[in-house]
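Colleague: Let me begin by handing over the structure; questions about it come next.
Chains as they are written, first to last, in the numbering used here: chain P, 21 to 131; chain R, 164 to 275.
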């Protein structure tokens, strides 16, 4: 079992719709959770981080964390073609000095 | 704003050459990381460092070494480049292991 799992996609949504990206992790002791966006040929850039159970909103983005079920999700409201990218989930496991990254979900937003 | 810079955006090297990739961060971060990224394989951690002169192997350290003589600088060394080391190399830094990693722009290395 991979430590951090994401569906590779592509996830296709029409412009204006809500995109829902999901990530599951294996270590119950994980403490911090991150979503990165990566455009083709570019480096990952942070969208959001979340530490506590529940929802965290930032503009059109909402991160949702459920530690009991070991998943974290990212919702993108009013999706735009410029949101088309690969979204990476990353998790820090207790006692480790590093993040573990999923392989990413490719999102395609069509006009 | 955190700034992570990498010495080159593109590099072309010959098989057997020694290759140096350099990364510099300007935010006094304790932790620095080197990843490679290949299509379908995601980000794979090569080495990381949590303090000056300290290093730890990541998931794929074979064929690589690192050096961290100063806090702001973390170098990745390919002792004898091989074609299977053709990849995108990404450096990142963070204040601690639990916190956000900030990435440099990446170096696309081609080994012929």
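We put the beta carbon where it would ideally sit given N, CA and C, even for glycine.
1. Using only the alpha-carbon positions, how far apart do residue 26 of chain P and residue 120 of chain P sit?
2. Does the stretch 180-189 of chain R touch the stretch 229-249 of chain R, meaning 3 or more C-beta pairs lie closer than 8 Å?
3. Using alpha carbons as the reference points, say which of P:35, P:96, P:126 and P:65 lies closest to residue 255 of chain R.
4. What are the residues that DSSP puts in a beta bridge with residue 34 of chain P?
5. Is there a Cβ from chain R that is less than 9 Å from the Cβ of residue 112 of chain P?
6. Determine the DSSP secondary structure at residue 86 of chain P, reduced to helix, strand or coil.
7. Shortest alpha-carbon distance to residue 217 of chain R belongs to which of R:200, R:195, R:168 and R:264?
8. Counting only runs of 3+ residues fully inside the stretch 168-225 of chain R, write out the beta strand (DSSP E) ranges in chain order.
9. Among P:63, P:53, P:103 and P:58, which has the Cα closest to the Cα of residue 75 of chain P?
10. Tell me the rounded alpha-carbon separation between residue 89 of chain P and residue 178 of chain R.
11. Taking 8 Å as the cut-off, is the CB of residue 179 of chain R close to at least one heavy atom of the ligand MN?
12. Could you pull the DSSP bridge partners for residue 239 of chain R from this structure?
13. Using three-state DSSP, classify residue 245 of chain R as helix, strand or coil.
14. Mind pulling the beta strand (DSSP E) runs of 3 or more residues that sit fully within the stretch 45-97 of chain P?
Modeller: Walking through what the data contain:
1. 12 Å
2. yes
3. P:65
4. P:130
5. yes
6. strand
7. R:195
8. 173-176, 182-188, 194-201, 205-214 and 217-220
9. P:53
10. 47 Å
11. No copy of the ligand MN appears in this structure; indeed no ligand is present at all.
12. R:184 and R:229
13. coil
14. 52-58, 65-70, 74-78, 81-86 and 91-96
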